Every structure is written in structure tokens, then in C-alpha cells.
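Contents: one structure, followed by commentary.
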Amino acid sequence: VKEQDLQAMSLIWGDKKGPVRDSDLISREDVEKREVVLMRCFRHDRFKVLTESPAADGERVLQVQLTRGTLSRTTNFYAAHGRDRWFVRTADLESVRELCSAK
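Going by our numbering, the sequence shown runs without a break in its numbering and finishes at 122.
The structure is reproduced here in C-alpha cells:
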């Protein structure tokens with residue numbers, strides 16, 4: 020996200036079936052639109068992983084503190100294990116809403 024690299028993001032975000040860029044469920048155009056929103060909301064100067072714990076279906080939940088300037092917010096990222104690696108399946112946008120609109 021910090022590098023604003025849509026191609027890299029489409030390889031990191033996904034689920035147990037693989038990266039989102041290889042999914043037949045969503046068009047490439049829609050993937051890129053969603054990635055632009057994610058870049059805006061998860062843009063940060065610093066981050067810190069606060070906790071990591073098991074979640075449903077063999078996933079992991081990581082509680083992450085994101086800081087941009089003097090504004091810090093904590094959110095959860097959910098990671099799913101694919102065939103040979105972990106993917107970020109989803110994250111809680113609501114808890115970082117103020118970061119989305121911060122300048």
C-alpha cells in the first residue's frame with residue numbers, strides 16, 4: 020500500500036485459492052478500483068503489528084496500528100493461507116475511516 024503499487028497489491032491480497040488478480044470472481048478493473056480505496060485508507064508513515072492470533076477457518080488475524088502524521092488508528096487484517104503462502108483476505112476499513120480522509 021505504501022508504495023502505491025497496484026500490481027504488487029493484487030499479488031498480496033487474496034484468499035486460500037490464491038491472489039485476487041487470478042480470481043475469476045472480479046474483473047481487473049474492479050480490483051484496481053478497490054485497491055485505490057485501500058491505498059487511500061491504509062496509507063501510513065509507520066505501522067506496528069500489535070497482536071497476531073488464530074481466526075476461523077485456519078486464518079490469522081493481525082491487529083495493526085497505522086500512523087499517519089499524528090493520527091494513529093488500530094485495525095484488523097485477516098490473512099488466509101493459500102497453497103504456498105499467506106494472503107491478506109480482508110481488513111477492517113471502518114476503524115481507519117479517519118485515515119481515509121486525512122490529508
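Using N, Cα and C, we set each Cβ at its ideal position, and we do this for glycine too.
Being a predicted model, the structure only gives us computed values, none of them experimental.
- Task: Report buried or exposed for A75, applying the criterion of at least 16 other Cβ atoms within 10 angstroms of its Cβ.
- Result: Position 56 of the sequence shown, counted from the start, is the residue given in the question as residue 75. Exposed, since its Cβ has fewer than 16 Cβ neighbours within 10 Å.
- Under 8 angstroms, do G37 and G77 count as touching if we go by C-beta distance? Here residue 37 refers to the residue found at position 18 when the sequence shown is read from its first residue. Here residue 77 refers to the residue found at position 58 when the sequence shown is read from its first residue. One thing to note: G37 has its Cβ no nearer than 8 angstroms to the Cβ of G77.
- Would a C-beta distance cut-off of 8 angstroms place Q84 and T93 closer than the cut-off? For the purposes of this step, residue 84 is identified with residue 65 of the sequence shown, where counting begins at 1. For the purposes of this step, residue 93 is identified with residue 74 of the sequence shown, where counting begins at 1. With a cutoff of 8 angstroms on beta-carbon distance, Q84 and T93 are scored as near each other.
- Query: Looking at the unbroken alpha helix (DSSP H) that takes in R116, where does it start and where does it end?
  - Reply: Mapped onto the sequence shown, residue 116 falls at position 97. R116 to S120 is the span of the alpha helix (DSSP H), which, as asked, contains R116.
- Query: With DSSP run on the structure shown, which of helix, strand or coil describes A74?
  - Reply: Here residue 74 refers to the residue found at position 55 when the sequence shown is read from its first residue. Shown here, A74 sits in coil according to DSSP, grouped into three states, outside any helix or strand.
- Message: Measuring only the C-alpha atoms, how far is F96 from Q23?
- Response: By one-based count along the sequence shown, residue 96 stands at place 77. By one-based count along the sequence shown, residue 23 stands at place 4. The straight-line gap from Cα to Cα measures roughly 18 angstroms.
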